[in-house]
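Structure, as structure tokens:
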Amino acid sequence: MKMHKHNYVDVVIIGAGAAGLFCAAQAGARGRSVAVLDHAKRIGGKILMSGGGRCNFTNMYASHENFLCDNPHFCKSALSRYTQWDFIGKVAEYGIAYHEKTLGQLFCDDSAKDILNMLFAECEKAGVTISNQCETLSIGKTEDGFVLQTSQGEYQCESLVIATGGLSMPKLGASPYGYQVAEQFGLKVKPTRAGLVPFTLHEQDKQVLAELSGISVEANASCNDTHFNEGILFTHRGLSGPAVLQISSFWQPGQTVEFDLYPSGNLHDELQSIKQNQPDIILSNALGKYFPKRYIQVYLPYLSLENKPLKQYQGKQLEQVAEAFHQWQLKPNGTEGYRTAEVTLGGVDTDELSSKTMEAKKVKGLYFVGEVMDVTGWLGGYNFQWAWSSGWVAGQVV
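Residue numbers for the sequence shown follow our numbering, so the first one is 3 and each next one is one higher.
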């Protein structure tokens, strides 16, 4: 049976997110014919809503140390061959205005649309075709490539790139499809769970702390030998904010997270010196110099700490108060799950892939890029950088 010419291409990429589009543009620029297929109605939904609609497109300090992966060396090659500076150069080439927010995080001045439009322009320049609302129904291996049955007809290709992302934000079209393809071809997939996600609390904690909804404080969150020093935000469901999202990727169910709620100093020394100068001031007023008032009103009774004039604290009592702030032990009930998670931990086992090309070692011509594999960045533009770097290296060879 003779194929319709238009559905024979060199490269098919499933998934039109950051990694898929970037990979497509690279491959097309090399003169390869490329078709990108995506099942969503709207292309690039996750890009558009990322970074509060401003797209935190990379991080100036990105290095392999900012990624979770069972093989800590896997990321090195791609990240060193296509760096954050390479992508920043591309953004500058398109005249997109951007700024650094904190900790090296780069955001568009205007809108995430700027980044998506840049990806579309790069694809168009490279002759890439993009089809939305295209469901992939089956994939078969042929002698010299792959044959795909889709809701928009049959495709044949030499190289097949899976860029389907993880399970986070199902409303934007997230699906386990990429893992199913890996399993179909006999590749190992690591168990998945939500990462960069708010914590939910046990009922007794939630009842008290929900009153603090909307308050944020600086904190150092630590768990499993890892810590992040940023803001935490109390919500009506539990805890969020950058430090919480970061540590959630390292936390396992049932574990305790420790928060230092005054990471910038020694609360015991501060309280001692206030006690010397103002012995009659009550504890809550003394603490009011360092924390929001409403927070102290709720937090002291929550920790069963007495509120009395500082001169009445004897022996180690002030030390215990300070410790309650420096070493708050909290056992989360769980996380909010994929609905609000920014990323998915786990995925296609990187031992199955070449770190130089992202090609499956056992299946010639099959590639995985972006979040579908077991590589998860910290919060702050790192996951986008992995999309660019992994998409770029695959784009050089597909």
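Beta carbons are placed, not taken as given, at the ideal position from N, Cα and C, and that holds for glycine.
Quick caveat, the model's predicted, so the values are computed rather than measured.
Counting along the chain, where does the alpha helix (DSSP H) carrying residue i start and finish?
i           : result
lysine 192  : That residue, lysine 192, is in no alpha helix (DSSP H); its beta strand (DSSP E) goes 191-197.
valine 323  : 319-328
leucine 355 : Run containing leucine 355: none; DSSP gives neither H nor E here.
valine 395  : 384-397
leucine 23  : 20-31
Could you tell me the alpha carbon to alpha carbon distance between residue i and residue j, rounded to whole angstroms?
i              : j                 : result
glycine 19     : phenylalanine 76  : 22 Å
threonine 237  : glutamate 220     : 15 Å
leucine 174    : alanine 42        : 8 Å
aspartate 262  : leucine 108       : 27 Å
methionine 3   : lysine 364        : Only weak support is given to the placement of methionine 3: the predicted model assigns it a pLDDT of 36, under 50, and the value that follows is read from those uncertain coordinates. Taking the straight line from one Cα to the other gives about 29 Å.
serine 391     : arginine 239      : 36 Å
asparagine 268 : serine 275        : 11 Å
glycine 367    : phenylalanine 24  : 18 Å
alanine 343    : leucine 198       : 6 Å
tyrosine 10    : glycine 147       : 11 Å
glutamate 102  : aspartate 111     : 10 Å
threonine 228  : phenylalanine 252 : 7 Å
serine 286     : lysine 310        : 8 Å
arginine 83    : glutamine 322     : 51 Å
asparagine 119 : arginine 32       : 21 Å
tyrosine 384   : glutamate 373     : 11 Å
leucine 302    : alanine 212       : 15 Å
tyrosine 264   : leucine 289       : 11 Å
leucine 81     : valine 163        : 19 Å
glycine 17     : threonine 138     : 10 Å
glycine 339    : glycine 167       : 16 Å
Excluding the five sequence neighbours on either side, which residues of its own chain have a C-beta within less than 7 Å of the C-beta of residue i, listed in chain order?
i              : result
methionine 375 : Gly349, Val350, Thr352, Leu355
lysine 7       : With a pLDDT of 41 at lysine 7, under the threshold of 50, the modelled position of that residue is not reliable, and no figure is offered here.
asparagine 401 : The first residue shown for the chain is 3 and the last is 400, placing residue 401 beyond what the model contains.
valine 130     : Ala26, Ala27, Gly30, Val36, Val38
cysteine 57    : Ile49, Phe109, Cys110, Ala114, Ile117
Leaving out the 5 sequence neighbours to the left and right, which residues in its chain are closer than 8 Å to residue i when beta-carbon positions are compared?
i            : result
methionine 5 : With a pLDDT of 43 at methionine 5, under the threshold of 50, the predicted position of this residue should be treated as unreliable, though the coordinate-derived value follows. So the list reads Glu156, Gln158, once near-sequence residues are dropped.
Could you tell me the boundaries of the beta strand (DSSP E) in which residue i lies?
i                 : result
aspartate 112     : Aspartate 112 -> no beta strand (DSSP E), and no H or E assigned at all.
phenylalanine 305 : The residue you asked about is not phenylalanine; residue 305 is leucine in the sequence shown. Per DSSP, leucine 305 belongs to no beta strand (DSSP E) and is neither H nor E.
glycine 349       : 345-350
valine 374        : Looking at the DSSP string, valine 374 is not in any beta strand (DSSP E), and its letter there is neither H nor E.
phenylalanine 370 : 368-370
valine 14         : 13-16
Just to confirm my understanding: we take residue i, look at its own chain, exclude 5 residues before and 5 after, and list those with CB closer than 6 Å. What are they?
i                 : result
tryptophan 388    : Val377, Gly379
isoleucine 217    : Phe236, Pro294, Tyr297
serine 357        : Phe76, Ser79
serine 161        : Val13, Gly367, Val400
leucine 305       : Ala326
phenylalanine 230 : Ala223, Ala245, Gln248, Ile249
glutamate 361     : Tyr369
glycine 106       : Asn61, Met62, Tyr63
Can you tell me the Cβ-Cβ gap for residue i and residue j, rounded? I've got them flagged as a contact below 8 Å.
i             : j          : result
glutamine 154 : serine 177 : Not confirmed; about 18 Å, so no contact.
Which runs of the beta strand (DSSP E), 3 residues or longer, sit entirely within the stretch 121-200?
Within the stretch 121-200, the complete beta strand (DSSP E) runs of at least 3 residues are 131-133, 138-144, 147-152, 155-159, 161-164, 191-197.
Can you give, in chain order, each stretch of the alpha helix (DSSP H) that sits fully within the stretch 37-100 and has at least 4 residues?
Scanning the stretch 37-100 from its first residue to its last, the whole alpha helix (DSSP H) runs of 4-plus residues come out as 47-51, 78-83, 86-95.
Would you mind listing the beta strand (DSSP E) stretches within the stretch 201-286 that are 3+ residues and don't spill past its ends, in chain order?
Annotation: the stretch 201-286 contains the following complete segments of the beta strand (DSSP E) (minimum length 3 residues), in chain order: 218-225, 228-236, 240-242, 259-262.
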